[in-house]
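Sequential numbering from 1486 applies to the sequence shown in the working numbering. Take a look at the structure set out below.
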Amino acid sequence: MRKITVYLAALFGAIIFLSSCEKEYESIEQLDSRNIEAYKKANPNLSFSDDPSGYSYAITNAGSGATLLNSDSVYYSYSFKSTTGTVYNQTSDLMIPGTLLGYTDRFAIGSSSYVLKPVREVLARLKRGGKAVLLLPSRMAFGKNGLTNFGIGSNETIVVELGIYNQAKRHEVDAYEIPQFISRNNLTFDTDANGIRYKVSSVGTGTDAIGEFSSLVLNYTGRYLDGTVFDEGTGVTFRLDQLIQGWQLILPNRVKAGGKIRIIIPSHLAYGSRPLDFDIEITSVTNN
């Protein structure tokens, strides 16, 4: 009888211990919910709605115009932050991303690709000019592993600030980005009839005029508007008609051999995807 009593006591103790452990254990859903609720409490100025899948969002500006479809082209912004405000990754208004609304949930971060469905779903609730804040639970973001290269910790809730620009076409975005770039850098340019911005620092002293089939020896650097160098060369030779349209339109009649010029080319006169900023030095001109 004593053995049975001891056994039952031990069994009862084990049950109490296991029950205690279960109560102390917090699931990832509970952790995410606790973190999201803490952020809401700390930001009472934002009016959040809860999506059934587990994320929360606050629309701070609904935007205007027609409801956007997944097949509509949008130019948008995002800023991935910690709940304390540390910025992990964000877009630049000099390099505005654009795609179809249905593809706005796809991100290349470091060497990995991510599909963050809530981003697309929240953007789809906006119209052009709209803005929103998304609280992305860790299980829908970067999970228990986080992203150490970006400082994102384990099971971290991510705050994503989202926006859709009013501009719907690439040339409209160019007309926004290029003046922003010029103003921000205190630059002065002339503008030709095609919308190319140019600044001649030296006309050059060569005697051969640059024509469509001229061979040019060049030193050049090509940058995106955020300053990223995408191409450069020293002492390279090109025939003018082999170069992008922006170069063909601006170089003749403005510089000669020995000349130096800086040009900002709208996307439709470059490679089509975004404006480009070039420094060009022409070291020689040959006309056959």
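By construction, the Cβ of each residue, glycine as well, lies at the ideal position given by its N, Cα and C atoms. Model, not experiment: these values are computed from the prediction.
Backbone secondary structure at residue i - three-state DSSP
i	result
Arg-1759	coil
Ser-1564	strand
Gly-1539	coil
Asp-1578	coil
Ala-1617	strand
Lys-1741	coil
Thr-1768	strand
Cys-1506	Low per-residue confidence applies at Cys-1506: pLDDT is 48, beneath 50, and the placement is therefore not dependable enough to give any value.
Gly-1587	helix
Ala-1717	Checking the sequence, you will find Glu at residue 1717 rather than Ala. Here Glu-1717 sits in strand by DSSP.
Ser-1512	coil
Thr-1633	helix
Other residues of its chain near residue i: CB distance less than 6 angstroms, five sequence neighbours each side excluded
i	result
Ser-1687	Gly-1744, Lys-1745
Pro-1737	Ile-1695
Gly-1587	Asn-1555
Lys-1508	Summary for Lys-1508: the model assigns pLDDT 47, below 50, so the residue's position carries little reliability; its value from the coordinates is reported in the next sentence. Around Lys-1508: no qualifying Cβ.
Thr-1768	Val-1702
Residues near residue i by beta carbon distance below 7 angstroms, same chain, minus five either side
i	result
Ala-1755	Ile-1729, Gly-1731, Leu-1761
Asn-1651	Arg-1613, Gly-1614
Phe-1666	Leu-1579, Leu-1710
Cut-off 8 angstroms between Cβ atoms - residues of its own chain near residue i, not counting five sequence neighbours on either side
i	result
Ile-1681	Gly-1731, Leu-1734, Ile-1735, Ile-1748, Ile-1749, Ile-1750, Pro-1751, Leu-1754
Phe-1698	Arg-1724, Leu-1725, Asp-1726, Asn-1772, Asn-1773
Among the options, the one whose alpha carbon lies nearest that of residue i
i	options	result
Ser-1564	Leu-1585, Asp-1677, Asn-1772, Val-1645	Val-1645
Thr-1676	Ala-1593, Pro-1664, Asn-1670	Pro-1664
Asn-1546	Ser-1532, Phe-1627, Val-1559	Ser-1532
Ile-1643	Lys-1654, Tyr-1650, Asn-1651, Gly-1631	Gly-1631
Asp-1711	Ser-1512, Ile-1521, Thr-1576	Thr-1576
Ala-1617	Gly-1628, Ile-1649, Leu-1601	Ile-1649
Arg-1708	Asn-1530, Arg-1759, Leu-1553	Arg-1759
Pro-1537	Ile-1767, Pro-1622, Thr-1589	Pro-1622
Thr-1690	Thr-1584, Glu-1766, Lys-1526	Glu-1766
Tyr-1599	Thr-1633, Ala-1551, Ala-1626	Ala-1626
Val-1607	Ser-1512, Ile-1544, Ser-1597, Ala-1653	Ile-1544
Ser-1558	Tyr-1540, Gly-1628, His-1656	His-1656
Heavy atom of the ligand HEM within 8 angstroms of residue i beta-carbon
i	result
Asp-1578	Ligands in the displayed structure: none, and consequently the ligand HEM is not present.
Buried versus exposed call for residue i [16 or more other C-beta atoms within 10 Å across all chains shown]
i	result
Ala-1742	buried
Val-1658	buried
Phe-1763	buried
Asp-1517	buried
Ile-1521	buried
Gly-1757	exposed
Glu-1514	exposed
Leu-1647	buried
is_contact[residue i, chain D] using C-beta, thresh 9 angstroms
i	result
Ser-1639	In the structure shown, chain D cannot be found, because there is only a single protein chain.
Every unbroken beta strand (DSSP E) within the stretch 1651–1710, with a cutoff of 3 residues, ordered by chain: The qualifying runs are 1682–1687, 1700–1708.
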